[in-house]
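Position one of the sequence shown corresponds to residue 450 (the working numbering), numbered consecutively onward. The beta-carbon is built from N, C-alpha and C at its ideal position, and this holds for glycine as well. A quick write-up on the structure given underneath.
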Amino acid sequence: MPAPRKYPQELRERSVRLVREAMSQETSLSMNAAVVRVGHRVGVNSDTLRGWVKQARINAGEVAGVTTTDAATIKALEREVRELKRANEILLAASSFFARELDPRLPF
């Protein structure tokens, strides 16, 4: 079970929107400067906010990267692969156990 989120989704979306607005209003403002400025105003660590802005840009298709939905899908598929590998190991062990039991030539 994942840890509870420190910041609500509403605050995340609002903070990202404020950074984007600050960058569009003041074209000479870098993303890092906008993140620091907005982070202080909304009470969010600038590194955390920078990560949110980067992920929002990826999700919007502005820059290359793995979107949030793709990352969730990949994580679910990796979990399913682990479960299937484990099930295969169990079935292999069970089949060899029953094969030994049915073969009269092999000792118990």
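Counting the other Cβ atoms within 10 Å of the Cβ of S464 gives 16 or more, which makes it buried. As the crow flies, the alpha-carbon of Q504 is around 18 Å from that of S473. When the beta-carbon positions are compared, V487 and V468 come within less than 8 Å of each other. Residue nearest to V484 within the set V502, L551, T476 is V502 (criterion: CA-CA distance). Taking a 10 Å sphere around the C-beta of L498, we find 16 or more other C-beta atoms and assign the residue as buried.
Counting only residues of its own chain and dropping the five nearest sequence neighbours on each side, T516 has a CB closer than 7 Å to the CB of I507, N508. Rounded to the nearest whole angstrom, the C-alpha separation of N481 and T518 is 26 Å.
G510 and E459 have their C-alpha atoms some 21 Å from each other. Proximity to P457 across S545, T476, V491 peaks at V491, based on C-alpha coordinates.
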